[in-house]
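Asks:
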Amino acid sequence: MADLTQDQLLQKLRQVSASMIPAAAEGMEMAALNVEGEARKNCDPGNSPYESMEFPTKWKGGYQGGAPYMDDRNPDFIPPHLRDSITHEVQVSGSSVQGLVETSDPIAEFVHNGTSKMQPRPFLEDAGAAKIEETTAILSAALARKIQGAGA
Amino acid sequence: MDAFTTIYTAVIAKLQGDTVLLGLLGNPADPTAAIRRAQTPEKITTAAVTLRGSDGSGIPFSGSGFAQALGGSAISAKKNPTIEISVWVNSQSSTAPKTGQDADAIEQRVNFLLLQDAGNMIPGTFNWQGTTFPQSFEKDTWLWHNMTRYRFNYFNHQGGS
Chain G
727 MADLTQDQLL QKLRQVSASM IPAAAEGMEM AALNVEGEAR KNCDPGNSPY ESMEFPTKWK
787 GGYQGGAPYM DDRNPDFIPP HLRDSITHEV QVSGSSVQGL VETSDPIAEF VHNGTSKMQP
847 RPFLEDAGAA KIEETTAILS AALARKIQGA GA
Chain X
93 MDAFTTIYTA VIAKLQGDTV LLGLLGNPAD PTAAIRRAQT PEKITTAAVT LRGSDGSGIP
153 FSGSGFAQAL GGSAISAKKN PTIEISVWVN SQSSTAPKTG QDADAIEQRV NFLLLQDAGN
213 MIPGTFNWQG TTFPQSFEKD TWLWHNMTRY RFNYFNHQGG S
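As given, the protein sequences belong to chains G and X, one line each in that order. The working numbering puts the first residue of the first sequence at 727, with every later residue one more than the last. The working numbering puts the first residue of the second sequence at 93, with every later residue one more than the last.
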């Protein structure tokens, strides 16, 4: 087989790169689900790592003017509906594959980042950090399967 | 003083010593009160920068590193700690800073000092990264709140000669 020209080689690499996107998306789906599980665990009463931390103030579970407010009379920990609101999605745009673990719960930002009355409990950020090695392994395995399949 | 405490103290001192940051905070009479370790609950009436840090020793919100035996009793551990920095601005203040934009400007200055201040980084640390979260507004306290979590590395050597 004749050697490829520079242009032909670039074209080949682009084709290989494009063929990897579905595999990357598939791997990202698994990786994001893995992080979502960790984030849910972080918000799960009885399993959350933040329960050993001292919180003089807890979320009362009320809303004022559409925003949650904090009160120190309620002994509840992170409300379970926050755990149940956590989801994930994978976005593919061009050659970019992005995994998102998110919640649309209006109290999430206050729980995650803390308030002037309450320590932060960064359940999403910590989940991503805790699973970073597994995320890398999952993505690597997904791409490796594709490469090996292409070579078969 | 352990290595993390030394670094944490250096971070606070760097922020307290920056005249630009102090200007953005309204030139507080006591920089050590305006830029300080976080308390819970906070009683914030004027703009403040508060810090929360962990070296990762079993604390949930921090990372961990690896340890390597160096021979004898010496161990070198790569630590991956977290420092959370909150910016608080009271929207009911009569003078600046009092807006969400003011809080953003303060946060950007802190970001610059910790991530981009080439040649003047915190000694003994490397690989600083920051994650900035969306600004929030506390309706019950009238406070704007910006929060960034910084992760970085340092080597902690123990034992040996």
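Where a beta carbon is used, it is the ideal one built from N, C-alpha and C, also for glycine.
Would the beta-carbon of X:A139 fall within 9 Å of that of X:V181?
Replies: The count along the second sequence starts at 1 and reaches residue 139 of chain X at position 47. The count along the second sequence starts at 1 and reaches residue 181 of chain X at position 89. Against a cut-off of 9 Å, the Cβ pair of X:V181 and X:A139 comes out as a contact.
Asks: Can you tell me whether G:N768 is buried or exposed, with buried defined as 16 or more other CB within 10 angstroms of its CB?
Replies: Locating residue 768 of chain G in the first sequence gives position 42, where the first residue counts as 1. Its Cβ being crowded by 16 or more others within 10 Å, G:N768 is buried.
Asks: Rounded to the nearest angstrom, what separates X:H249 and X:A169 at their Cα positions?
Replies: Position 157 of the second sequence, counting from 1, holds the residue named residue 249 of chain X. Position 77 of the second sequence, counting from 1, holds the residue named residue 169 of chain X. Rounded to whole angstroms, X:H249 to X:A169 spans 6 Å at the Cα level.
Asks: By how many angstroms is the C-alpha of X:T224 removed from the C-alpha of G:K856?
Replies: Counting from one through the first sequence, the residue named residue 856 of chain G turns up at place 130. Counting from one through the second sequence, the residue named residue 224 of chain X turns up at place 132. Looking at the sequence shown, residue 856 of chain G is not Lys but Ala. In a straight line, the C-alpha of G:A856 is about 18 Å away from that of X:T224.
Asks: Against chain G, which members of the segment 203 to 228 of chain X pass a CB distance test of less than 8 Å?
Replies: Cβ contacts with chain G come from T223, F225, P226, S228.
Asks: How would you write the range of the alpha helix (DSSP H) that X:T111 sits in, first residue to last?
Replies: The residue given as residue 111 of chain X occupies position 19 in the second sequence. Its alpha helix (DSSP H) spans residues 111 to 116.
Asks: Can you name, in chain order, every residue of its own chain whose Cβ lies under 6 Å from the Cβ of G:A750, other than the five neighbours on each side?
Replies: Against the first sequence, residue 750 of chain G aligns to sequence position 24. Contacts found: V823.
Asks: For the alpha helix (DSSP H) containing X:E134, list its first residue and its last residue.
Replies: Residue numbering aside, residue 134 of chain X sits at position 42 when the second sequence is read from its first letter. Premise fails: X:E134 is in no alpha helix (DSSP H) and is neither H nor E.
Asks: Keeping to the same chain, check which residues put their C-beta closer than 8 Å to that of X:V202; ignore five residues upstream and five downstream.
Replies: For this step, residue 202 of chain X is matched to residue 110 along the second sequence. Excluding positions up to five away in sequence, the list reads L107, L113, V141, I177, V179, T240.
Asks: I need the DSSP call for X:K171, collapsed to helix, strand or coil.
Replies: If you number the second sequence from 1, residue 171 of chain X lands on position 79. Three-state DSSP puts X:K171 in a strand.
Asks: Any beta carbon of chain G sitting closer than 9 Å to that of X:K135?
Replies: Along the second sequence, read from residue 1 onward, the residue named residue 135 of chain X stands at position 43. For X:K135, the answer is yes, since a Cβ of chain G falls inside 9 Å of its Cβ.
Asks: If you reduce the DSSP assignment to three classes, tell me which class X:N203 lands in.
Replies: Numbered from its first residue, the second sequence carries residue 203 of chain X at position 111. Looking at X:N203 - three-state DSSP - the assignment turns out to be helix.
Asks: What are the boundary residues of the alpha helix (DSSP H) that includes G:L850?
Replies: Within the first sequence, residue 850 of chain G is the residue found at index 124, counting from 1. Note, G:L850: alpha helix (DSSP H), 849 to 856.
Asks: From the DSSP output, which residues share a beta bridge with X:D249?
Replies: Translated into the one-based positions of the second sequence, residue 249 of chain X becomes position 157. Just to set this straight, residue 249 of chain X is His in the shown sequence, not Asp. For X:H249, which the question treats as bridged, DSSP gives the partners X:S168.
Asks: Under 7 Å Cβ to Cβ from X:T137, same chain only, skipping five residues before and after it: list those, please.
Replies: One-based indexing of the second sequence puts residue 137 of chain X at position 45. Counting only Cβ-Cβ distances below 7 Å, and skipping sequence neighbours, we find N182.
Asks: Should G:T813 and G:E828 be called a contact, given that it needs their Cβ atoms to be closer than 9 Å?
Replies: Within the first sequence, the letter at position 87 stands for residue 813 of chain G. Within the first sequence, the letter at position 102 stands for residue 828 of chain G. Yes, these two residues count as a Cβ contact at 9 Å.
Asks: Between which two residues does the beta strand (DSSP E) holding X:F225 run?
Replies: Here residue 225 of chain X refers to the residue found at position 133 of the second sequence. First-last for X:F225: undefined, no H or E at that position.
Asks: Does chain X have any CB closer than 9 Å to the CB of G:Q824?
Replies: The residue given as residue 824 of chain G occupies position 98 in the first sequence. Judged by the 9 Å Cβ criterion, G:Q824 is not in contact with chain X.
Asks: Does the segment 228 to 247 of chain X touch the segment 202 to 216 of chain X, meaning 3 or more C-beta pairs lie closer than 8 Å?
Replies: With a cut-off of 8 Å, the segment 228 to 247 of chain X and the segment 202 to 216 of chain X count as touching, because enough Cβ pairs lie within range.
Asks: Give a yes or no on whether the C-beta atoms belonging to X:L117 and X:A126 are separated by under 9 Å.
Replies: For this step, residue 117 of chain X is matched to residue 25 along the second sequence. For this step, residue 126 of chain X is matched to residue 34 along the second sequence. Yes. Within cutoff.
Asks: Taking the C-alpha atoms as reference points, what is the distance between G:V816 and X:E199?
Replies: As a first step, residue 816 of chain G is located in the first sequence; it is residue number 90 there, counting from the start. As a first step, residue 199 of chain X is located in the second sequence; it is residue number 107 there, counting from the start. Between G:V816 and X:E199, the C-alpha separation is close to 30 Å.
Asks: Name the chain G residues that come within less than 7 Å of X:L116, Cβ to Cβ?
Replies: Residue 116 of chain X sits at position 24 when you count from the first residue of the second sequence. Neighbours of X:L116 on chain G: none; closest Cβ ~19 Å, over 7 Å.
Asks: Name the residues in the segment 230 to 253 of chain X whose C-beta lies less than 8 Å from a C-beta of chain G; which are they?
Replies: Residues E230, K231, D232, T233, L235, H237, M239, R241, R243.
Asks: Using 8 Å as the threshold, is the segment 843 to 860 of chain G in touch with the segment 759 to 768 of chain G, meaning 3 or more CB pairs across them?
Replies: With a cut-off of 8 Å, the segment 759 to 768 of chain G and the segment 843 to 860 of chain G count as touching, because enough Cβ pairs lie within range.
Asks: Quick check on DSSP: helix, strand or coil for X:N182?
Replies: Along the second sequence, read from residue 1 onward, the residue named residue 182 of chain X stands at position 90. Three-state result, X:N182: strand.
Asks: Helix, strand or coil for X:L235, going by three-state DSSP, please let me know.
Replies: The count along the second sequence starts at 1 and reaches residue 235 of chain X at position 143. Reduced to three states, the DSSP call for X:L235 is strand.
Asks: Run through DSSP, which three-state label would X:I104 get?
Replies: Numbered from 1 along the second sequence, position 12 holds the residue referred to as residue 104 of chain X. DSSP places X:I104 in helix when its eight states are reduced to three.
Asks: Which residues bound the beta strand (DSSP E) around X:I127?
Replies: Translated into the one-based positions of the second sequence, residue 127 of chain X becomes position 35. Here the beta strand (DSSP E) through X:I127 covers 127 to 129.
Asks: Output needed in chain order: residues of the segment 829 to 847 of chain G with a Cβ under 9 Å from some Cβ in chain X.
Replies: Cβ contacts with chain X come from E835, F836, H838, N839, G840, T841, S842, K843, M844, Q845, P846, R847.
Asks: Consult DSSP for G:P771 and reduce its assignment to one of helix, strand or coil.
Replies: Along the first sequence, read from residue 1 onward, the residue named residue 771 of chain G stands at position 45. DSSP places G:P771 in coil when its eight states are reduced to three.
Asks: Nearest by alpha-carbon distance to X:F229: which of G:I833, G:L869, G:Q874 is it?
Replies: Here residue 229 of chain X refers to the residue found at position 137 of the second sequence. Ranking G:I833, G:L869, G:Q874 by Cα distance to X:F229 puts G:I833 first.
Asks: Counting only beta-carbon atoms, is X:E199 nearer than 9 Å to chain G?
Replies: Here residue 199 of chain X corresponds to residue number 107 of the second sequence, with the count starting at 1. Not one chain G Cβ lies under 9 Å of X:E199.
Asks: In chain X, which residues lie less than 7 Å from G:E851 when you measure between Cβ atoms?
Replies: Numbered from 1 along the first sequence, position 125 holds the residue referred to as residue 851 of chain G. By Cβ distance, chain X contributes T223, R241.
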